[in-house]
Structure formats: C-alpha cells, structure tokens
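**Student:** Each residue of the sequence shown is one higher than the last, beginning at 621 in this note's numbering.
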Amino acid sequence: MKTQPYRFVVRATQSIAHGEAGVNSTGPNNTTLFARELALLNREQISASDVDIQASIDQLLRVALVPASSVEFLTTLTGGELLAVIFASQFPLIYRGEGEGLFAGAERYQYLTTRLVDAATCCSTLPTAWAYVSRKLSLSPPGSGWHPPLLALFSLPPFLQSAALAATLRAPEMIVMGARFIADGMKTTSWRYAEAVDRDTEEGVIYEATEEQVRQLGANDGRMLAVRIPAISGNSIRHNLLRAPGATRLLTELGLTPDREIVPIAVERFLYSGGNTVKGARAPGACDLYEAVVRRNYPFIDALGGSFDQFLLTRSNVSVASWIVCRENNWITASKTDGQYTSDVSIFDLVSEVTRTRSGIGGKDKESGQMIFSYETLAAQTAFLIEVSFQPYTSDLTIGAVMQAIDDWQGSGGTLGAKSAQGHSGFIAEHYRNDVRQALAAEYLSYLAENRDRLRQGLIDATFGTEAVLCGA
C-alpha cells in the first residue's frame, strides 16, 4: 500500500546538539542537557547480568551506616529511593563542615539538588553520576576513609544503579532532604559535636532493608524502569525534514523565492512554521470548503496542515517518529528494519559535553565580555531510524510532496537538531531499502509546473485558491 510507513536511516556526520527545553541548571557551571524522552526499559536493556540483589544491598548497608533516628524514615521509602538517599548522603557526609567548592555556604543544598538532577538525567551509572556532580560542584576526590561506601554503591548491579537515578529524578528535593537528615544525624555520633550543639549523642546503625524494598529492587518478574533517554523531538524532525525544505521547494518551483515584497509575510509564516490563529478568531461558515480547496491545490499543505488566521486545518496527513539506533532501542529498530539496524552501544555512552566561550556585552570588568557555556551532544555517526507515516487515502501528490521534501532536505545539508551554525547536527540519509513511492516526487514537480500560474497567484494574494484571504495578519 502507498500509505504504509516510509522508513529510512540517517547517520550523523557531525556531533548532534538538541537542547532540552526549559531553564539550565542554576548557578555556575550550568549546562544545557540534550533533549530526552521517558522510556520504559527492562533489566536486559540495562544489564543482562544475573546477580544476587539481596547480597548487593546487604553489602552496601553494612558499610553505609545511618543514624538510629533515621531508620523509621528510611522504612517509608521505595527501594530506589533508599539507594538514592544513601548515594546523595555521601556528599554532605564527605564534604562536611564548611563544605568545598560550590557545595559550600547557604546555597550548597540547592546546588546539590540541581546537579543531582542533571547527573540522574545524563548518566546511567552511579560512578558517572558521582563524577558529574563532583565536577560540577568543583569537589576534590574523597579520602580513603570514604572508599567502602562509595565502592559498595559503585558495585551495585546496573539495574539497581538505574533505579537510584530514576528515583532521584522523580523526587530530587525529597532525596536531598533525606540525605541531609542522614548527614546531620551522623554528625551527632560524635559526642563532641553533640555536646557543642546541645543534642543527644546518636549511634550509627546498619539499616536492614524491608522485604518490600528488596522485592521492589529484586523482583525478576518483568518489572520495568522508567528512564529518560536522549531523543530528537518529533517537532524538530517534522520541521527540518519536511516543512522547511517542502516550503522552499514550493516557493522555488512557483518562482517565489522567500521575499516579503512578493509573498505576504503571513503566508511565509504559514508555510515555514505552520501559522497561527489571530486573537479572537471566528471560523467562517465555509471553512470546511476552504480547507478542501487548499488541500486539493497544495499537496504540501495537505501533508502537514497548519493554522490560518481564522481557523485550523483539521488534520495532518503525515506524521513522523524517530529512534536512535542504540542498545536501549534495539527492540524497536530491529522489528522495524527486519533486524538490519541494531547496536551493542548504550545511548548513555554516546553523550558528551561541549564547553565553549562567546563574547558578551563588555562591562567594567574585562572578563564580563566573555561567557562560558556548556551543552550536551550526541556522538558523530550516531544513527537514527526515521519513520514517516501517512493517513489512509493520502493522495499520490501529497506523498510525492513529502518524498521531494526528504530529497531536498538531504540536498540542502541534512540537519536535524540545533547549532548547525556551530558545526553540529549534520546528517546523511541511508535508505535501507528502495521504495517505489520515491518516483511520486517527479509527479509532484510536474503538477507544480503545470499549475504554476494559478498556484503562484494563490500565494501572492494569500487566498490559496479560495475566494477569501486566509493569511492576512
């Protein structure tokens, strides 16, 4: 069927940048993380090892003592939260007193919280998370006296380490609060400190995990873990792969290079970004008729839809999806490519951090004219499986418009993601199988040539071939 999904693989020729939406981490050494999406992973996708979960937990708890006053609180936590609290507590336990680096002063726990969130987002193991937080907080290596609890944490099975990081992402403030609770309690195991702060001396005890906590961590019953893994958003792929090259091709074939003196700016906005309805818009009574005319006249618009000044097009006939070819996504990419595209590499091993400088507005201090910024990238040669899906009964011309846009995307440089001006996010396409629908692109170009004058005028007067101006704002 012509409306079956069209799949192909693109491979990065440069490192890929695609920042997470939202604010960066607060404070110095802030970093823009790569965009991520939540995915459910099973044990085999995280680690295929079969280990004694109970023995691993017991080994950790024997060397990570907690104050007796914290035991009741710890019993209320899930298994993942328990491990996360013990991990986070090592920072205030090791760097106690006045603290060190950025983990000092009144804002130390705020900085610890934000850096733990970033670490839990971009790391898949506790050792790499520890290294990340230590680097971002400018902490020195811990002394040998702290090696046993850290080694026990770092030796936990990968699934347990991922559970601790996932728990940190779900409730970072609670995790840091619990860590502080443990650290403050352990201070009072010293009679000198307890006397100085007028508190009773506490005893450090070995916490025994509850049966429920062990069951949550050790159940081998198909239990899955929600993990945020890097991904390029569908919106970015839709714009870069289809909308931008498709709009440029339409204007070029009609002799309308993007020029506001010829094509109304509202029409350009509609073609390149999908448009927007104006404030107080009221759909005209003939909007269904207008939509049918526009879709028939402009297959590119029929594919991607959009919003005119007064009404929205009711649907898009094309949708896109993508998956990074990595160990975590093998079950998807293998099933969609007959086993042709799989990988033994974890997605977390493909992520790195780039630090750059740029000039800012100078002030009284000379250094104020330069700003240091960091962001995550994915490795060059990372492969993505792209899937373009069509609604049933999508016309040949609409499919041809999409195929032409994909060809033009590759011809114009093939970027997905961000920061192409800084040398990132370039791709080449690998069509893993020939598709007869690629020939429909020629039919689409012939249609534009045969109807050039009519289609051109519809864009110039913003009517798109209807009797009303649809883009006038």
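Every residue, glycine too, gets a C-beta built ideally from N, C-alpha and C. All of these numbers come straight from a predicted model, not from anything done at the bench.
#1: Would Y1013 be called buried (16 or more neighbouring beta carbons within 10 Å of its own) or exposed?
#2: Which residues in the same chain as C1091 place their Cβ atom closer than 7 Å to its Cβ, once the five residues preceding and following it in sequence are excluded?
#3: Apply the 10 Å Cβ neighbour rule to F1101 and answer buried if 16 or more other Cβ atoms are within range, or exposed otherwise.
#4: For E1063 and G1020, which I take to be in contact (beta-carbon distance under 8 Å), what is that distance rounded to the nearest angstrom?
#5: DSSP three-state call for R656: helix, strand or coil?
#6: Is the region 816-825 in contact with the region 681-691, if contact means three or more CB pairs nearer than 8 Å?
#7: What are the boundary residues of the beta strand (DSSP E) that F628 is part of?
#8: Which of the three DSSP states is assigned to M991 in this structure?
#9: Given 7 Å as the limit, tell me if K1039 has its C-beta closer than that to any heavy atom belonging to the ligand COA.
#10: Using a Cβ-Cβ cutoff of less than 6 Å, which residues in the same chain neighbour L773 once the five nearest sequence positions on both sides are dropped?
#11: Suppose you measure from the CA of T748 to the CA of T872; what does that come to, to the nearest Å?
#12: Go ahead and label P777 buried or exposed: buried means 16 or more other beta carbons lie within 10 angstroms of its beta carbon, across all protein chains shown.
#13: S1015: which of V940, V898 and R916 sits nearest, CA to CA?
#14: In whole angstroms, what is the alpha-carbon distance linking G725 and Y827?
#15: Taking DSSP as the reference, what is the three-state secondary structure of D841?
#16: Just to confirm, is the Cβ distance from T1035 to A637 under 8 Å?
#17: What are the residues that DSSP puts in a beta bridge with A846?
#18: In angstroms, rounded to a whole number, what distance separates the CA positions of I921 and E1050?
#19: For the candidate residues G717, F711 and E718, whose alpha-carbon lies nearest to that of L736?
#20: Applying the 10 Å Cβ sphere with the 16-neighbour rule, what's the burial state of N591?
#21: Per DSSP, what kind of secondary structure is F1084 in: helix, strand or coil?
#22: Using the three-state DSSP reduction, which class does P761 fall into: helix, strand or coil?
#23: Beta-carbon within less than 7 Å of N937's beta-carbon, same chain only, minus the 5 sequence neighbours each way: which residues are those?
#24: What do you get for D841, buried or exposed, if any count of 16 or more other CB atoms within 10 angstroms of its CB means buried?
#25: Restricting to runs no shorter than 4 residues, where is the alpha helix (DSSP H) found entirely within the region 1011-1067?
#26: In or out: T651 buried (at least 16 other Cβ within 10 Å) or exposed?
#27: With distances taken Cα to Cα, identify the nearest neighbour of P865 among L785, W1029, R790 and V753.
#28: For S972, which three-state DSSP category applies?
#29: Helix or strand or just coil, what does DSSP make of V965?
#30: Spatial neighbours of F723 within its chain, please: CB distance less than 7 Å, with the 5 preceding and 5 following residues excluded, ordered by chain position.
#31: Check this for me: beta carbons of I802 and S709, under 8 Å apart or not?
#32: Measuring only the C-alpha atoms, how far is K807 from L845?
#33: Hey, L862 and V945: beta-carbon distance below 8 Å or not?
#34: Starting from the C-beta of P904, find all residues in its chain whose C-beta is less than 8 Å away, skip the five residues before and the five after it, and write them out in chain order.
#35: Taking the beta carbon of Q1001 as the centre, do at least 16 other beta carbons fall within 10 Å, making it buried, or is it exposed?
#36: Roughly how many angstroms lie between the CA atoms of G1085 and V913, to the nearest whole one?
**Tutor:** The relevant details are as follows:
#1: As a working note, residue 1013 is residue 393 in the sequence shown. So Y1013 ends up on the exposed side.
#2: Taking the sequence shown and counting its residues from 1, one reaches residue 1091 at position 471. Closer than 7 Å at Cβ, skipping near neighbours: P884, A886, V887, F890, G895, F928, D929 and A1082.
#3: Since the first and last residues shown for the chain are 621 and 1093, residue 1101 lies out of range.
#4: Within the sequence shown, the letter at position 443 stands for residue 1063. Within the sequence shown, the letter at position 400 stands for residue 1020. Indeed, because the Cβ distance is near 5 Å, the residues count as touching under 8 Å.
#5: Against the sequence shown, residue 656 aligns to sequence position 36. Strand, per DSSP.
#6: yes
#7: The sequence position of residue 628 within the sequence shown is 8, counting from 1. Going by DSSP, F628 is part of the beta strand (DSSP E) stretching over Y626 to A632.
#8: Along the sequence shown, read from residue 1 onward, the residue named residue 991 stands at position 371. Judged by DSSP in its simplified three-state form, M991 adopts strand.
#9: The ligand COA is absent from the structure shown, which contains no ligands of any kind.
#10: The sequence position of residue 773 within the sequence shown is 153, counting from 1. Around L773: F707 and L746.
#11: Numbered from 1 along the sequence shown, position 128 holds the residue referred to as residue 748. Numbered from 1 along the sequence shown, position 252 holds the residue referred to as residue 872. Roughly 50 Å separates the two Cα atoms.
#12: By 1-based counting over the sequence shown, the position of residue 777 is 157. By the 10 Å Cβ count, P777 comes out buried.
#13: One-based indexing of the sequence shown puts residue 1015 at position 395. Considering only alpha carbons, the answer is R916.
#14: Your numbering for residue 725 matches position 105 in the sequence shown. Your numbering for residue 827 matches position 207 in the sequence shown. Looking at the two C-alpha atoms, the distance is approximately 30 Å.
#15: By one-based count along the sequence shown, residue 841 stands at place 221. Note that D841 scores 49 on pLDDT, short of 50, meaning its location in the model is unreliable; the coordinates nonetheless yield the value given after this. Three-state DSSP puts D841 in coil, outside helix and strand.
#16: Stepping through the sequence shown from its first residue, residue 1035 is reached at position 415. Stepping through the sequence shown from its first residue, residue 637 is reached at position 17. It is not a contact, given that the beta carbons lie outside the stated cut-off.
#17: Within the sequence shown, numbered from 1, the residue matching residue 846 stands at position 226. Note: A846 sits in a beta bridge opposite L660.
#18: Here residue 921 refers to the residue found at position 301 of the sequence shown. Here residue 1050 refers to the residue found at position 430 of the sequence shown. If you take the alpha carbons of I921 and E1050, they lie about 26 Å apart.
#19: Here residue 736 refers to the residue found at position 116 when the sequence shown is read from its first residue. For L736, the nearest C-alpha among the options comes from F711.
#20: In this structure the chain extends from 621 to 1093, so residue 591 is not present and cannot be described.
#21: Walking along the sequence shown from the start, residue 1084 turns up at place 464. Coil, per DSSP.
#22: Position 141 of the sequence shown holds residue 761. Coil.
#23: Taking the sequence shown and counting its residues from 1, the one referred to as residue 937 is at position 317. Once the five neighbours on either side are set aside, the close Cβ partners of N937 are D922, A923, F1010, Q1011, T1014 and T1018.
#24: Along the sequence shown, read from residue 1 onward, the residue named residue 841 stands at position 221. In this predicted model, D841 has a pLDDT of only 49, less than 50, meaning its place in the structure is not dependable; the value taken from the coordinates is given anyway. D841 is exposed by the Cβ-count criterion.
#25: As far as the region 1011-1067 is concerned, its whole alpha helix (DSSP H) runs of at least 4 residues are 1016-1031.
#26: Position 31 of the sequence shown, counted from the start, is the residue given in the question as residue 651. Flag for T651 reads buried.
#27: One-based indexing of the sequence shown puts residue 865 at position 245. It is W1029.
#28: On the sequence shown, position 352 is the one that residue 972 refers to. Strand, per DSSP.
#29: For this step, residue 965 is matched to residue 345 along the sequence shown. Here V965 sits in coil by DSSP.
#30: Within the sequence shown, residue 723 is the residue found at index 103, counting from 1. Closer than 7 Å at the Cβ level, and outside the excluded window around F723, lie F711, Y715, Y731, L732, L757 and L759.
#31: In the sequence shown, the residue the question calls residue 802 occupies position 182. In the sequence shown, the residue the question calls residue 709 occupies position 89. Yes, Cβ-Cβ distance for I802 and S709 is below 8 Å.
#32: On the sequence shown, position 187 is the one that residue 807 refers to. On the sequence shown, position 225 is the one that residue 845 refers to. Spanning the two alpha carbons is a distance of roughly 35 Å.
#33: If you number the sequence shown from 1, residue 862 lands on position 242. If you number the sequence shown from 1, residue 945 lands on position 325. No, they are not a contact pair.
#34: As a working note, residue 904 is residue 284 in the sequence shown. Cβ neighbours of P904 beyond the five flanking positions: Y910, Q930, F931 and A1088.
#35: Residue mapping note: residue 1001 aligns to position 381 of the sequence shown, counting from 1. Per the 10 Å Cβ criterion, exposed.
#36: Taking the first residue of the sequence shown as position 1, residue 1085 is located at position 465. Taking the first residue of the sequence shown as position 1, residue 913 is located at position 293. Computed Cα separation, rounded: 7 Å.
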